[in-house]
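K.L.:
In our numbering, the protein residues as written are 274 to 649. Where is the CB? At the ideal position from N, CA and C, for every residue including glycine. Owing to the predicted nature of the structure, the values given are computational and were not obtained by experimental measurement. Provided herewith is a single structure, encoded as structure tokens, for subsequent inquiry.
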Ligand code: DLZ
């Protein structure tokens, strides 16, 4: 029996299946079952609980755990491998004891969705978060980073579940037995070293396709993005300011959830002024992306039609002239109710600002990716 091809293990993981990951004999010499948390089903969780220690770790970045109000399990880490354990947790809505396979699967999936609120997670609980090193297996060759990297190389939401394989008598499963177990259950088994080798050949991680950082709205699946380091400008109209302010707030929050820290907002009188003000900001070359926010509400004259047309053309021109993503965030509404319903002010829960924030980050990252490839 031998290790699976890394490509086959990646394919299995991408499809939501289990993978066995084995670290080096000089390290823990442990064999873990790992799978993507956004694919955590009751059946898969039950299988893992039955064949492992029963302790299910959930692996992700520090920032994600802290977003849910989780904190380090200890102030002074004395673990031999400096395992970055966070306080255990259970996703409360709909859970019973938190320990059933169904409850633990629900907690795993809930940690994939940043729109869940911190107070929905009990502290302590029955799932055990562990922070992955952002460098993945290239900086720490452990199971935590292997599971995290499997998420990243497959473009899944970067949250995974892991647990150590054990025999029925409670002893730890070692390499040969792990291979046999994998063969019995059609689960590919790989080593951390194989993943390190694979990562060395990778230039970029693909974008996660899953709606995660914010709830998905009417057909637009909002992806998980890391916009660290991006500089974004918002130009907002003051006309219909209650609506515009709510849109600006949602766009900022969506970008902040993607780690964008540098966001400035400039105001102009009405939507008509937006393209020229945006041009002034783009001329500086300081921004990776820009969002135009306004709200045009149809009145009794032709004003609405003319401004609508002019502003739309103006924003498109900026996009093409400056080669910087310029997001069109100008509502064109037939009445006030439509404006309120699209800006999170009518109890619909829908705020278009969220979509525009994520769209801006996504477009900026796309541009950065291709700019880097062009330079290689
Ligand atoms: C004048 C006007 C009107 C009637 N309605 C709107 C509107 O619904 N939304 C908006 O953003 N701006 C409106 N404006 C102002 C124009 O956009 C512009 O500021 C003025 O015509 C001055 O150039």
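In three-state DSSP terms, what is residue 581?
P.N.:
Translated into positions along the chain shown, residue 581 becomes position 308. Residue state, collapsed to three classes: helix.
K.L.:
On the three-state DSSP scale, how would you describe residue 560?
P.N.:
For this step, residue 560 is matched to residue 287 along the chain shown. The answer is coil: DSSP assigns residue 560 none of H, G, I, E or B.
K.L.:
From residue 286 to residue 460, what does the alpha carbon distance come to, in whole angstroms?
P.N.:
Counted from its first residue, the chain shown places residue 286 at position 13. Counted from its first residue, the chain shown places residue 460 at position 187. Spanning the two alpha carbons is a distance of roughly 10 Å.
K.L.:
Measuring straight from C-alpha to C-alpha, what distance separates residue 429 and residue 467?
P.N.:
For the purposes of this step, residue 429 is identified with residue 156 of the chain shown, where counting begins at 1. For the purposes of this step, residue 467 is identified with residue 194 of the chain shown, where counting begins at 1. Distance between the alpha carbons of residue 429 and residue 467 is about 20 Å.
K.L.:
Does the beta carbon of residue 518 fall short of 7 Å from some heavy atom of the ligand DLZ?
P.N.:
Position 245 of the chain shown, counted from the first residue, corresponds to residue 518. No, the ligand DLZ has no heavy atom inside 7 Å of this Cβ.
K.L.:
Do you know how far the Cα of residue 463 is from the Cα of residue 278?
P.N.:
Along the chain shown, one-based indexing puts residue 278 at 5. Along the chain shown, one-based indexing puts residue 463 at 190. Cα to Cα, residue 278 sits roughly 7 Å from residue 463.
K.L.:
Using a Cβ-based criterion (distance less than 7 Å to any ligand heavy atom), does residue 550 qualify as near the ligand DLZ?
P.N.:
Counting from one through the chain shown, the residue named residue 550 turns up at place 277. Not so, every heavy atom of the ligand DLZ lies at least 7 Å from the Cβ.
K.L.:
Nearest by alpha-carbon distance to residue 532: which of 373, 387, 330 is it?
P.N.:
Residue mapping note: residue 532 aligns to position 259 of the chain shown, counting from 1. The option with the nearest alpha carbon to residue 532 is 387.
K.L.:
With 16 other CB atoms within 10 Å as the buried threshold, where does residue 551 fall?
P.N.:
Reading the chain shown from its first residue, position 278 is the one you call residue 551. With 16 or more other Cβ atoms within 10 Å, it is buried.
K.L.:
In terms of alpha-carbon separation, which member of 345, 602, 528 lies closest to residue 637?
P.N.:
As a working mapping, residue 637 is identified with position 364 in the chain shown. Nearest option by C-alpha distance: 528.
K.L.:
By the three-class DSSP mapping on this structure, what secondary structure does residue 482 have?
P.N.:
Translated into the one-based positions of the chain shown, residue 482 becomes position 209. Note that residue 482 scores 46 on pLDDT, short of 50, meaning its location in the model is unreliable; the coordinates nonetheless yield the value given after this. Of the three classes helix, strand and coil, the one that applies to residue 482 here is coil, per DSSP.
K.L.:
If we ignore side chains and look at the alpha-carbon of each, how far apart do residue 581 and residue 594 end up?
P.N.:
Working through the chain shown from its first residue, we reach residue 581 at position 308. Working through the chain shown from its first residue, we reach residue 594 at position 321. Straight-line Cα distance between these residues: approximately 20 Å.
K.L.:
Can you tell me which of 341, 375, 302 puts its alpha carbon nearest to the alpha carbon of residue 329?
P.N.:
Position 56 of the chain shown, counted from the first residue, corresponds to residue 329. The residue with the shortest Cα to Cα distance from residue 329 is 375.
K.L.:
If you draw a straight line from the C-alpha of residue 276 to the C-alpha of residue 407, how long is it?
P.N.:
Reading the chain shown from its first residue, position 3 is the one you call residue 276. Reading the chain shown from its first residue, position 134 is the one you call residue 407. For residue 276 and residue 407, the distance between alpha carbons rounds to 26 Å.
K.L.:
Give the range of the alpha helix (DSSP H) segment to which residue 519 is assigned.
P.N.:
Here residue 519 corresponds to residue number 246 of the chain shown, with the count starting at 1. Here the alpha helix (DSSP H) through residue 519 covers 514-530.
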